[in-house]
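Chains as they are written, first to last, in my numbering: chain A, 6 to 382; chain B, 68 to 466.
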């Protein structure tokens, strides 16, 4: 038994830490968020040069290896810095779907461009009434000669405004919540009939609601078998869940560390507030939450990399998302409370981390949803 | 033992209900239903409607234009207001500075300030907290030095709510540096238009500049604006803090939000063909809150019964502050739970007057996360919940 990182993982962690220390302080991050793109294209190119964009992909696909443990090493560091570049939507979700479902020709066309930083992707799966059920799809794709015509609406499309191509989940057959009948299509953002309503999320990231009005897509733009995409979609989202949960662990540890530091310097009643036992115990509880969250994310990542069955993997992913969700509420709220008023302002990074972890809590299903999913397997 | 209202009290309840039903403007109700804020003008308009009816100041004695109501009547009025969501008067004038003026102000000060507060002609804000004096308020450093028949005020106040709308600010200032910190504080009224005052908005994590820093740079204040005696301000302020805690339980508002949660849950798809009211995890949490709200309501009624036989509000009111605010925050979490992905868009403009943008999610789902963020303040302000627990351990449990 050994929970230490490999030499390569250690190097990956060092590489992210060095970048963050050198060029990603709070002020720089906020300036990047405030820019039109909402992320730094220079940084994205640098990530490509550093090889980070290859991390989610297998060696066969030209990547670093694609292990979930590699991913969480990176994502935790991203979380500590509250990094805003669209790594998750483009490399993990979009790239992941292409890798999981695409034919060799599709992979050969797209994956090198994801890894060299020249292609931005977004995955349009959620709908207004689907809540967190990936099988609940009303957006339709109807055959017409060699093409399909897509109609419907997608919400919460991360990186939607900046994506060159969209991976659109649509139903070719069956009823709204059937497992069969769901396909994934590659759609150019510029296609006729695609209208993108861009907005900013509570954590500052760009997202969109995207409407598809009779969007015609050649059948060759379908990824994988007609109507058979759900299992792969689920597996890709499960990986994204573990990755974002690791990001949350990094962010929660940053919140804890900042809270402890603040409590040592903030003086009230003539003494640092960190000397009050009532607050000490609460920070000790925050620490316990962080450690349990980290443990369960490591567990889920290790299971994903193992030869366990799909059900066992899915179950561990839901365990992680559920437990991390509870840690998010507890640690996030306590960090604000112990900081007091100043923790509620835009001026301090604490509030920004709180908003980011709150968004992660919702993404791909909240704690309650994953507790139920765990129990149902 | 009984918790019933008398026949007269029930008749009064009907009167209040009828009045609110017909006089609380429908357009205000519509805005509040979609979590929009009322503007200053709208709040003033509502306050003037109450003034016309003679109900502007439920907690004031009749001699100052108050209603002269009993504690129970005031409770009934506050409950009915909360149930339909009608805003209480902005507290700074009506509930905070006015009691101080009535108790410690001179006749001249009472005549000068109270009628305009009653009629909502003048808007007040509070100058208490400082960057280094939060929970430890008495360590405040803003100074007022005597110069002839004026004070010269220097320093900075923070967490000043709605200072951008205010005509006047009431401040705690240090007038003696040589004595124990509580004994060198005075209570001063300052015209916000005085030269040397600047305001810097503080944007909170919900994107709204609800609070400000207020800077005082050689601000000249006439001696006549001192309340009571110099260096007695801390005693006066302590009285005011007791007033700040009344109605803090927020039971009626809680009931209204509980109803909203049930309604929204019923309209929210669970993704599997049912709705969220039928979701066991959600429904259990909702039920826990409903039960906790009942325990809180009866705790408040017990406090009220004690008050109505003339007992002073004791440290037990800390229970109402702690439980009321934490329950409100739990409800914020349930609104986030229900909204799911729909709570993610960040559109703070939607709370502003005249917002014409496109609605991104159903109902007021896009307000859920922002309200959750904003209401983290509830357990911080008005004496943080840590301070309330200190009060309970010291003054109730004798620890």
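Using N, Cα and C, we set each Cβ at its ideal position, and we do this for glycine too.
Leaving out five residues on either side along the sequence, give the residues of the same chain with a beta carbon under 7 Å from the beta carbon of residue 90 of chain B.
Excluding sequence neighbours, residue 90 of chain B sits near 116.
Tell whether a beta-carbon distance below 8 Å holds between residue 269 of chain B and residue 144 of chain A.
No, Cβ-Cβ distance for residue 269 of chain B and residue 144 of chain A is not below 8 Å.
Answer yes or no: does any C-beta atom of chain B fall closer than 8 Å to that of residue 206 of chain A?
Residue 206 of chain A counts as touching chain B.
State yes or no: is the C-beta of residue 332 of chain A within less than 8 Å of the C-beta of residue 294 of chain A?
Yes.
Assuming residue 102 of chain A and residue 189 of chain A are in contact, meaning their beta carbons sit under 8 Å apart, how far apart are those beta carbons, in whole angstroms?
Indeed, because the Cβ distance is near 6 Å, the residues count as touching under 8 Å.
Would residue 152 of chain B and residue 99 of chain B be called neighbours here (beta carbons separated by less than 8 Å)?
Taking 8 Å as the Cβ cut-off, residue 152 of chain B and residue 99 of chain B qualify as a contacting pair.
Rounded to whole angstroms, what is the Cα-Cα separation between residue 430 of chain B and residue 305 of chain A?
In a straight line, the C-alpha of residue 430 of chain B is about 36 Å away from that of residue 305 of chain A.
For residue 195 of chain B, name the three-state secondary structure that DSSP assigns.
Three-state DSSP puts residue 195 of chain B in coil, outside helix and strand.
Where in the stretch 104-170 of chain A do unbroken runs of the beta strand (DSSP E), each at least 3 residues long, occur, reported from the N-terminal end onward?
As far as the stretch 104-170 of chain A is concerned, its whole beta strand (DSSP E) runs of at least 3 residues are 126-129, 145-149, 152-163.
List the DSSP bridge partners of residue 336 of chain B.
Paired residues: B/342.
Just how far apart, CA to CA, sit residue 253 of chain B and residue 222 of chain B?
Whole-angstrom Cα-Cα distance: 14 Å.
Got a sec, what are the start and stop residues for the beta strand (DSSP E) residue 69 of chain A sits in?
First-last for residue 69 of chain A: undefined, no H or E at that position.
With H, G and I counted as helix, E and B as strand and the rest as coil, what does DSSP make of residue 48 of chain A?
Reduced to three states, the DSSP call for residue 48 of chain A is helix.
By how many angstroms is the C-alpha of residue 49 of chain A removed from the C-alpha of residue 41 of chain A?
Straight-line Cα distance between these residues: approximately 15 Å.
Across the stretch 26-44 of chain A and the stretch 81-98 of chain A, are there enough close Cβ pairs to call them in contact, namely three or more that are closer than 8 Å?
Yes, since at least three Cβ pairs between the stretch 26-44 of chain A and the stretch 81-98 of chain A fall closer than 8 Å, the two stretches touch.
Going residue by residue through the stretch 219-246 of chain B, where are the continuous alpha helix (DSSP H) segments of at least 4 residues, counting only ones entirely within it?
Runs found: none.
8 Å is my cut-off, CB to CB: does residue 338 of chain A come that close to chain B?
Yes, its Cβ sits closer than 8 Å to a Cβ of chain B.
When DSSP labels each residue in this structure, what does residue 233 of chain A get in the three-state scheme?
Of the three classes helix, strand and coil, the one that applies to residue 233 of chain A here is strand, per DSSP.
Using a cut-off of 7 Å between C-beta atoms, extract the partners of residue 125 of chain A located in chain B.
Those do not exist, as residue 125 of chain A stays about 20 Å from chain B at its closest Cβ, beyond 7 Å.
Of the residues A/325, A/218, A/314, which one's Cα is nearest the Cα of residue 303 of chain A?
Nearest C-alpha to residue 303 of chain A: A/325.
Is the CB-CB distance between residue 220 of chain A and residue 197 of chain A below 8 Å?
Yes; because the gap between Cβ atoms is below 8 Å, this pair is in contact.
What did DSSP end up calling residue 202 of chain A once you bin it into helix, strand or coil?
The answer is strand: DSSP assigns residue 202 of chain A an E or B state.
Give a yes or no on contact between the stretch 350-364 of chain B and the stretch 162-178 of chain B, applying the rule of three or more CB pairs nearer than 8 Å.
The stretch 350-364 of chain B, when compared against the stretch 162-178 of chain B, does not touch it at the 8 Å Cβ threshold.
Counting contacts by CB-CB distance shorter than 8 Å, is residue 125 of chain B in contact with chain A?
So no, residue 125 of chain B is outside the interface.
By alpha-carbon positions, which one of A/355, A/132, A/225, A/77 ends up nearest to residue 148 of chain A?
The shortest C-alpha separation from residue 148 of chain A is found at A/225.
At the level of alpha carbons, what is the spacing between residue 337 of chain A and residue 253 of chain A?
Approximately 10 Å between the Cα atoms of the pair.
Would you say residue 241 of chain B reaches chain A, if we count a Cβ-Cβ gap shorter than 8 Å as a contact?
Output row for residue 241 of chain B: interface = no.
How far does the alpha helix (DSSP H) with residue 280 of chain B in it reach, from first residue to last?
Residue 280 of chain B -> not in any alpha helix (DSSP H); beta strand (DSSP E) instead, spanning 278-289.
Could you name the residues of chain B that residue 334 of chain A contacts, counting a contact when the two beta carbons are closer than 9 Å?
Those within 9 Å of residue 334 of chain A in chain B are 400.
Should residue 274 of chain A be labelled buried (16 or more other beta-carbon atoms within 10 Å of its own) or exposed?
Exposed.
Out of A/20, A/155, A/232, A/313, state which residue places its alpha-carbon closest to the alpha-carbon of residue 223 of chain A.
Checking every option, the nearest Cα to that of residue 223 of chain A belongs to A/155.
Below 8 Å on C-beta distance, what does residue 338 of chain B contact in chain A?
The contacting residues are 134, 135, 136, 137, 138, 141, 182.
Tell me which same chain residues have a C-beta within less than 7 Å of the C-beta of residue 102 of chain B, skipping the five on either side of it?
Same-chain partners within the cutoff: 418, 431, 434, 438.
Mind reading off the beta-carbon distance from residue 382 of chain B to residue 458 of chain B? Whole number of angstroms is fine, and I expect it under 8 Å.
Rounded, the Cβ-Cβ distance is 5 Å, consistent with contact.
Grab me the residues of residue 210 of chain A's own chain with a C-beta within less than 7 Å of its C-beta, minus the 5 sequence neighbours each way, in chain order.
Around residue 210 of chain A: 43, 89, 163.
Sorted by chain position, which residues of the same chain lie with C-beta nearer than 7 Å to residue 161 of chain A's C-beta, five sequence neighbours on each side aside?
Counting only Cβ-Cβ distances below 7 Å, and skipping sequence neighbours, we find 131, 212.
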